[in-house]
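Enquirer: Pasting a structure below so you can have a look.
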Amino acid sequence: MDLIIRGAVLPRSVTRAASGAHADERIDIGIEGARIVAVEPHLAAHAQQEINADGMLVTPPFVDAHFHMDATLSYGLPRVNASGTLLEGIALWGELKPHLTHEALVERALQYCDWAVARGLLAIRTHVDVCDDRLLAVQALLEVRRRVAPYMDLQLVAFPQDGLLRSPRAFDNLKRAIDLGVDVVGGIPHFERTMADGAESVRMLCEFAAQKGLRVDMHCDESDDPLSRHIETLAGETHRLGLQGRVAGSHLTSMHSMDHYYVSKLLPLMHEAGVAAIANPLINITLQGRSDTYPKRRGMTRVPEMLAMGINVAFGHDCVMDPWYSLGSGDMLEVAHMGLHVAQMTGTDAMRACFDAVTFNAARILGLEGYGIEPGCAANCVLLDARDEVEAIRLRAARVAVVSRGKVVSRSPAAHATLTLEGRPQQVDFKLRRT
Ligand SMILES: [Zn+2]
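For the sequence shown, full-length UniProt numbering gives the first residue as 1, with consecutive numbering after it.
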């Protein structure tokens, strides 16, 4: 074999699925080429390279289901968002757009992909603005997708950021972007001029996706207005066109404020249509409810209720150091940590569900092939300095080793401090020890 990781603990979502292995059991993972070929307690084989996990968690890679790579790392260009509001962010993006160049877009995106790899984030779905007639960002991100393909899965969404009907050539540009190789059909119905235009845009985009056999992922109801109900139309069109399992609604923040009786009808509709939801906790908690007095709404969509209904829910990062958000470093454990708090998902199963929201659930939305830790799966995994998913979220655990396509592509030291308190030198690693 080429690589063996020995003595690893697997996430519950893997151990449940893989027959035989039970939680907390240490197993060995054997890799040949770019495939996992064995997952068993004591692998007799030898490999050129072996890693001793010593009880640490090995997970399939982190997956970001919602990102904007055309804007990332543009912080401070041409100036910073001093107020931190959505409106100043939109104005800033408008100021930045005329100055974008192909080279600068590619360079920033590649730098972000380096950060992502170091964080064990090996698959990203990024929206890309198609409202620029030059399709500058589309061309740049297609180049980035090609260049990172040897170690990372990048999926592009054609995003009519200024509105499909509101921006004169948006639909033509979106079709051109798809012809150039963009993967997914995007939209932003709540940004159209009227509710009716929003519904019409959903219908047009879903019909186009059905005709082309593509997935759909719309910015949908990113609003505090409880009457923003485009998700209902999205679920209806998904059902009508037979797009089950291929459609996601991103943000869905209006659902936070919707009438509860209406939601009791809406969630079964989403479940029936197989529409997935993508919440973006870092962005939702900073942008939503912003114009409220007190009490201020949190604004994130109803994550635990959707999970209980059997709807697939992922958490996305959305933004890192761009006009809308000045923080972030590509760490999906930070995203899960925030999601857990905002949704008050502090039960033991609920905390693990937050880990799944940045791994397994997101992988299903992207339709990633061979995602998992089982024989036959792609040899993509992350060794975390944590004993389980909850500890990984609590510590934003170090990515001790990141494996992509069977090769170790990043190493980080485990996080610890050395105390020099008088008389008792000791190492601290923030894990609970009982003697
Ligand atoms: Zn977004």
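Note that beta-carbon positions come from the ideal geometry of N, C-alpha and C, so glycine has one too.
When the Cβ atoms of the segment 68–83 are set against those of the segment 270–290, are three or more pairs found closer than 8 Å?
Expert: With a cut-off of 8 Å, the segment 270–290 and the segment 68–83 do not count as touching, because too few Cβ pairs lie within range.
Enquirer: Comparing the CB of C354 with every heavy atom of ligand 1, is any distance shorter than 8 Å?
Expert: Translated into positions along the sequence shown, residue 354 becomes position 354. Every heavy atom of ligand 1 is 8 Å or more from the Cβ of C354, so no.
Enquirer: Is there contact here, the segment 42–55 with the segment 315–326, by at least three beta-carbon pairs under 8 Å?
Expert: With a cut-off of 8 Å, the segment 315–326 and the segment 42–55 do not count as touching, because too few Cβ pairs lie within range.
Enquirer: Distance check for E389 and R396, CA to CA, integer angstroms please.
Expert: In the sequence shown, the residue the question calls residue 396 occupies position 396. In the sequence shown, the residue the question calls residue 389 occupies position 389. Rounded to the nearest angstrom, the two C-alpha atoms are 10 Å apart.
Enquirer: Roughly how many angstroms lie between the CA atoms of P295 and R193, to the nearest whole one?
Expert: Translated into positions along the sequence shown, residue 295 becomes position 295. Translated into positions along the sequence shown, residue 193 becomes position 193. So the alpha carbons of these two residues sit roughly 29 Å apart.
Enquirer: Please state whether DSSP places residue 437 in a helix, a strand or coil.
Expert: Nothing can be reported for residue 437, as the shown portion of the chain is limited to 1 through 435.
Enquirer: Would you report the Cα separation of C220 and S228, rounded to the nearest angstrom?
Expert: Position 220 of the sequence shown holds residue 220. Position 228 of the sequence shown holds residue 228. Roughly 9 Å separates the two Cα atoms.
Enquirer: Within the same chain, show all residues whose beta-carbon is closer than 8 Å to that of H99, passing over the 5 residues directly before and after it, in chain order.
Expert: Within the sequence shown, numbered from 1, the residue matching residue 99 stands at position 99. Counting only Cβ-Cβ distances below 8 Å, and skipping sequence neighbours, we find L77 and P78.
Enquirer: Answer with buried or exposed for T420, where buried requires no fewer than 16 other C-beta atoms within 10 angstroms of its C-beta.
Expert: The sequence position of residue 420 within the sequence shown is 420, counting from 1. Counting Cβ neighbours within 10 Å, T420 comes out exposed, since fewer than 16 surround it.
Enquirer: When the Cβ atoms of the segment 351–368 are set against those of the segment 195–206, are three or more pairs found closer than 8 Å?
Expert: Touching, no.
Enquirer: By the DSSP assignment, the alpha helix (DSSP H) with N52 in it spans what residues?
Expert: As a first step, residue 52 must be located in the sequence shown, where it is residue number 52. Element bounds for N52: not the alpha helix (DSSP H) but the beta strand (DSSP E), Q49 to N52.
Enquirer: Measure the CB-CB distance between R119 and G406 and report whether it falls below 9 Å.
Expert: On the sequence shown, residue 119 is found 119 positions in, with the first residue counted as 1. On the sequence shown, residue 406 is found 406 positions in, with the first residue counted as 1. Against a cut-off of 9 Å, the Cβ pair of G406 and R119 comes out as no contact.
Enquirer: For the 8 Å Cβ check, are there 3 or more pairs between the segment 83–91 and the segment 425–435?
Expert: Touching, no, given that fewer than three Cβ pairs across the two stretches are closer than 8 Å.
Enquirer: Spatial neighbours of M270 within its chain, please: CB distance less than 6 Å, with the 5 preceding and 5 following residues excluded, ordered by chain position.
Expert: Walking along the sequence shown from the start, residue 270 turns up at place 270. Once the five neighbours on either side are set aside, the close Cβ partners of M270 are A235 and I311.
Enquirer: Where A314 and A378 are concerned, what is the direct C-alpha to C-alpha distance, given to the nearest angstrom?
Expert: Locating residue 314 in the sequence shown gives position 314, counting from the first residue. Locating residue 378 in the sequence shown gives position 378, counting from the first residue. For A314 and A378, the distance between alpha carbons rounds to 21 Å.
Enquirer: Which word fits F430, buried or exposed, when buried means at least 16 other C-beta atoms lie within 10 angstroms of its C-beta?
Expert: For this step, residue 430 is matched to residue 430 along the sequence shown. That one is exposed.
Enquirer: Measuring alpha carbon to alpha carbon, tell me which residue in I31, V14 and N52 is nearest A8.
Expert: By 1-based counting over the sequence shown, the position of residue 8 is 8. Checking every option, the nearest Cα to that of A8 belongs to N52.
Enquirer: What's the C-alpha gap between M218 and A158?
Expert: For the purposes of this step, residue 218 is taken as residue 218 along the sequence shown, with counting starting at 1. For the purposes of this step, residue 158 is taken as residue 158 along the sequence shown, with counting starting at 1. Each residue's Cα considered, the two are about 10 Å apart.
Enquirer: Alpha carbons only, please: which of P413, A415 and A362 is nearest the one belonging to F62?
Expert: Taking the sequence shown and counting its residues from 1, one reaches residue 62 at position 62. The residue with the shortest Cα to Cα distance from F62 is A362.
Enquirer: Alpha carbon to alpha carbon, how far is L214 from Y261? Give it in angstroms, no decimals.
Expert: Working through the sequence shown from its first residue, we reach residue 261 at position 261. Working through the sequence shown from its first residue, we reach residue 214 at position 214. So the two alpha carbons sit approximately 33 Å from each other.
Enquirer: Any heavy atom of ligand 1 within a distance shorter than 8 Å of the CB on D129?
Expert: Translated into positions along the sequence shown, residue 129 becomes position 129. Answer for D129: no, Cβ out of range of ligand 1.
Enquirer: Rounded to whole angstroms, what is the Cα-Cα separation between W324 and A38?
Expert: The residue you call residue 324 lines up with position 324 of the sequence shown. The residue you call residue 38 lines up with position 38 of the sequence shown. So the two alpha carbons sit approximately 44 Å from each other.
Enquirer: Could you give the uninterrupted runs of the alpha helix (DSSP H) lying entirely in the segment 346–374, keeping only those of 4 residues or more?
Expert: Segments of the alpha helix (DSSP H) lying fully in the segment 346–374: 348–356 and 360–366.
Enquirer: My output table needs one value for S254: the three-state DSSP class, helix, strand or coil.
Expert: Reading the sequence shown from its first residue, position 254 is the one you call residue 254. S254: helix per DSSP, three-state reduction.
Enquirer: Shortest alpha-carbon distance to S13 belongs to which of A177, E95, L241 and D349?
Expert: The residue given as residue 13 occupies position 13 in the sequence shown. With distances taken between Cα atoms, S13 lies closest to D349.
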